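Inspection log for the structure reproduced underneath, given as structure tokens.
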Amino acid sequence: MEYLIIIISAIFVSNIVLAQYLGICPFLGVSGKVSTSVGMSGAVLFVMTIATIVTWLVYQYVLLPFGITFLQTISFILIIASLVQMVEIILKKVSPPLYQALGIYLPLITTNCAIMGVALLTVAKPDFDLLKGVVFAVASALGFGLAMLLFAGIREHLDLMDVPKGMRGVPIALVTAGILALAFMGFTGLV
Amino acid sequence: MNQWKNFSKGFIKDNPVFVLLLGLCPTLAVTSSAINGLGMGLATMFVLVCSNMVISLIKNLIPDKVRIPSFIVIIASFVTIVELIMEGFAPALFEALGIFIPLIVVNCIVLGRAEGFASKQSFISSLIDGLGMGLGFAFALTLLGAVREALGNGSIFGYKFIEGDAILVFILSPGAFIVLGYLIALLNRFKKTI
Amino acid sequence: MAKKESSFLNMVITLFVITGVASLALGGVYNLTKEPIRLAKLAKAEKAIKEVIPGFDSLEIFTVKPANGTDSLIFNCGYKNNKLVGTAVESYSNKGYDPTQIKIMVGFTPDGNINNTAVIQQKETPGLGTKMTSPKFKNQFAGKNPKNFILKVKKDGGDVDAITAATISSRAFCGAIQRAYDAYEKENKQKVQNTEQQTQDVITEEQKEK
Chain A
1 MEYLIIIISA IFVSNIVLAQ YLGICPFLGV SGKVSTSVGM SGAVLFVMTI ATIVTWLVYQ
61 YVLLPFGITF LQTISFILII ASLVQMVEII LKKVSPPLYQ ALGIYLPLIT TNCAIMGVAL
121 LTVAKPDFDL LKGVVFAVAS ALGFGLAMLL FAGIREHLDL MDVPKGMRGV PIALVTAGIL
181 ALAFMGFTGL V
Chain B
192 MNQWKNFSKG FIKDNPVFVL LLGLCPTLAV TSSAINGLGM GLATMFVLVC SNMVISLIKN
252 LIPDKVRIPS FIVIIASFVT IVELIMEGFA PALFEALGIF IPLIVVNCIV LGRAEGFASK
312 QSFISSLIDG LGMGLGFAFA LTLLGAVREA LGNGSIFGYK FIEGDAILVF ILSPGAFIVL
372 GYLIALLNRF KKTI
Chain C
386 MAKKESSFLN MVITLFVITG VASLALGGVY NLTKEPIRLA KLAKAEKAIK EVIPGFDSLE
446 IFTVKPANGT DSLIFNCGYK NNKLVGTAVE SYSNKGYDPT QIKIMVGFTP DGNINNTAVI
506 QQKETPGLGT KMTSPKFKNQ FAGKNPKNFI LKVKKDGGDV DAITAATISS RAFCGAIQRA
566 YDAYEKENKQ KVQNTEQQTQ DVITEEQKEK
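Protein chains in written order, with the working numbering: chain A, 1 to 191; chain B, 192 to 385; chain C, 386 to 595.
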């Protein structure tokens with residue numbers, strides 16, 4: 001039951017993109033087509049889960065015992081950056097098809113604040129154990145994917161519309177995202 | 192004159208938020224009031240200026256292949272310094288900005304300027320570039336924050352000019368997207384006339 | 386100066402030096418800001434305690450294990466002229482709208498009534514959940530005893546008027562108070578038991594002496 005609440009609230013109620021404002025750059029950047037947004041979401045799901053596990057372990061077993069939690073920012077970003085590199089290298093060797101699908105999105109992920117944000121949020125909650133952290137990370141990534149997919153679907157249609165000149169491109173995309181966020185606010189009270 | 196151009200480009204022509212669309216996460220997240228926007232803008236500016244300076248100084252000492260990891264370490268150190276100083280001397284602001292202070296580290300502007308500008312240019316140019324871009328970012332965040340606060344809370348910088356509630360949706364997440372969308376559209380229009 | 390070559394040794398040395406300098410610098414800044422940060426936190430907690438329990442001149446601070454759970458709550462007992470005037474209990478809830486914890490300070494008068502509450506940390510939705518800091522919401526708890534004042538929003542069959550359009554935040558707030566109250570009750574019961582135990586011990590000793 002507790003896990004269900006974590007999942008629902010991470011996907012719908014406080015969606016990572018539309019309510020938490022994390023991962024906006026890829027949300028606007030690679031949501032032009034449904035296919036690319038699926039690839040990006042897959043890569044995010046993959047990296048976010050691993051990154052949360054590793055950062056949680058490092059935080060609990062290295063930073064906390066030694067009382068150096070002020071090094072959290074610098075160690076997390078280094079962990080995430082090297083993790084992304086490692087995932088890229090391993091994927092290339094182990095599973096070329098998966099690498100082809102996700103490969104080009106991986107370098108973009110280092111500067112995706114959703115990954116770092118979820119890692120920071122997870123260690124900030126004292127009642128989270130590793131399992132809850134993983135559930136939270138997976139659900140957040142699914143929420144990211146859901147928002148990306150919906151948005152990409154809308155934007156594909158938007159390309160065919162006659163939008164006023166000044167609003168073309170980014171402005172209309174942002175307004176659309178706003179309306180989408182408004183729709184997601186309807187989930188408030190679900191949990 | 193050239194340096195002045197270098198400095199002023201960050202405001203309108205190459206504004207990191209309105210034109211380059213970099214660092215949108217903190218832009219949308221912390222601008223529920225003008226003062227938060229200003230605080231975030233200044234914190235980012237500090238990191239940007241410091242990292243630009245340091246990187247332009249040691250650019251020749253860093254082998255190309257480990258360029259990015261070195262930049263990340265330098266940026267992350269300055270972010271942590273900002274974090275610690277804010278926590279000690281401006282605890283209220285530190286709390287309002289929350290996880291978006293450590294997230295300056297993944298703000299594309301900072302790494303973007305380090306990689307695209309400071310690693311190639313002289314110390315003085317990099318310093319001015321950092322100042323200009325940082326001020327442009329702070330300006331954009333303050334403007335967005337002021338508009339959202341005015342529409343959503345009926346106040347600017349905490350000074351209330353409408354009694355009671357205003358159009359609340361503007362300080363919630365949908366308002367952030369919508370206001371930024373319209374500001375960019377306005378700027379597009381404005382840029383064409385000059 | 387020419388650009389350094391990307392030889393293995395060069396790369397290792399560069400990264401080593403950079404991380405070394407960075408950690409030295411951070412350690413230095415950390416030591417410099419440690420004191421201000423501690424003071425800032427202390428000032429904040431103190432301000433919250435002053436807000437929730439009436440004038441005290443000395444404080445006794447200890448931690449208590451909650452009724453169920455493994456973490457601990459901080460109890461701040463305020464004394465005036467060595468008489469207990471109130472207990473400020475620091476509590477939290479993770480069930481807010483924002484993933485950031487809601488941290489509150491709840492003040493109890495010695496008879497178990499809620500005296501006042503103060504929010505230490507919250508990042509709820511601006512304009513909605515943030516109204517938990519407003520007197521209109523907070524004051525409804527003042528003087529109530531959770532024994533006969535059900536700490537649930539009216540929607541859930543309780544006695545608390547929820548903040549308009551912020552039921553989740555209101556629920557979390559109530560949950561945090563409930564958590565503080567449960568621990569407070571448990572602590573009191575233990576105290577009573579302890580004193581009974583002590584009096585019994587004294588009696589048995591007295592009997593022994595006879």
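We treat Cβ as the ideally placed atom computed from N, Cα and C, and that holds for glycine.
In this text the structure is predicted, and so the values were computed from the model without any measurement.
Where the alpha helix (DSSP H) containing K521(C) begins and where it ends: 520-523
Contacting residues, own chain, Cβ-Cβ under 6 Å from A305(B) (five flanking each side not counted): S242, I246, F262
Buried or exposed by the 16-neighbour rule on C-beta atoms within 10 Å, applied to N251(B): exposed
Inter-stretch contact (C-beta, 8 Å, three-pair minimum) for the segment 348-363 of chain B and the segment 192-208 of chain B: Using a Cβ-Cβ distance cut-off of 8 Å, the segment 348-363 of chain B and the segment 192-208 of chain B are not in contact, since fewer than three pairs of beta carbons, one from each stretch, lie closer than that value.
Three-way DSSP call (helix, strand, coil) for L102(A) in this model: helix
Candidates V338(B), G303(B), F381(B), L248(B): closest to L211(B) by CA position: G303(B)
Start-to-end residues for the alpha helix (DSSP H) that takes in A527(C): Here A527(C) belongs to no alpha helix (DSSP H), and DSSP marks it neither H nor E.
Segments of 3+ residues assigned as beta strand (DSSP E) that fall wholly inside the segment 4-88 of chain A: none
Interface residues of chain B facing Y415(C) [CB-CB closer than 8 Å]: Chain B residues near Y415(C): L275.
Simplified DSSP state of M386(C), which is helix, strand or coil: Because the pLDDT of M386(C) is 46, which lies under 50, any placement of that residue in the model is unreliable, and the question is left without a value.
Straight-line Cα distance separating V58(A) from N498(C): 43 Å
Status (buried if at least 16 other CB within 10 Å, exposed otherwise) for M40(A): Around the Cβ of M40(A), a 10 Å sphere holds 16 or more other Cβ atoms; the residue is buried.
Test: M386(C) CB closer than 8 Å to a CB of chain B: With a pLDDT of only 46 at M386(C), under 50, the local geometry of the prediction cannot be trusted, and no value is derived from it.
Cβ pair count under 8 Å reaching 3, the segment 331-341 of chain B against the segment 264-273 of chain B: no
Pairwise C-alpha distance: M324(B) and L190(A): 42 Å
CB contact check: K407(C) to chain A, cutoff 8 Å: A small correction: the amino acid at residue 407(C) is Ala; Lys does not occupy that position in the sequence shown. Closer than 8 Å to some Cβ of chain A, the Cβ of A407(C) qualifies, so yes.
Check whether V44(A) and S37(A) have beta carbons under 8 Å apart: no
C-beta neighbour in chain C for K132(A), strict 8 Å: Not closer than 8 Å to any Cβ of chain C, the Cβ of K132(A) fails to qualify, so no.
Cβ-based contacts, 8 Å cut-off: residues of the segment 472-491 of chain C near chain A: Under the 8 Å Cβ criterion, the segment 472-491 of chain C contributes N479, Y482, D483, P484, T485, Q486.
Chain C contacts from the segment 267-301 of chain B (Cβ-Cβ distance under 7 Å): S268, T271, I272, L275, I276, E278, G279, F280, P282, E286, G289
Whole-angstrom distance between F70(A) and Y331(C), CA atom to CA atom: Limits of chain C in this structure are 386 at one end and 595 at the other, which puts residue 331(C) out of reach.
With 16 other Cβ atoms within 10 Å as the buried cut-off, status of A565(C): buried
Interfacial residues, the segment 327-342 of chain B to chain A, with Cβ spacing under 7 Å: none
Short-range partners of chain C found in the segment 363-381 of chain B, where Cβ spacing is below 9 Å: L363, S364
Beta carbon proximity, S75(A) to chain C, threshold 8 Å: no
Within-8 Å CB hit, I259(B) to chain C: no
Residue burial classification, Q575(C) (beta-carbon count within 10 angstroms, cutoff 16): exposed
For M517(C), three-class secondary structure by DSSP: helix
Three-state secondary structure assigned by DSSP to K508(C): Three-state DSSP puts K508(C) in coil, outside helix and strand.
Within-8 Å CB hit, A309(B) to chain A: For A309(B), the closest Cβ of chain A is not nearer than 8 Å.
C-beta neighbour in chain A for F202(B), strict 8 Å: no
Anticipated Cβ contact below 8 Å, S478(C) with G560(C), distance rounded: 5 Å
Coarse secondary structure for K488(C), derived from DSSP in three states: strand
Within chain C, the residues that D127(A) reaches when beta carbons sit closer than 7 Å: N479
Residue-level contact to chain C via CB, S95(A), 8 Å cutoff: no
Neighbourhood of V163(A) by C-beta, 7 Å cutoff - its chain only, sequence neighbours within 5 removed: Cβ neighbours of V163(A) within its own chain (closer than 7 Å, five residues either side excluded): I172.
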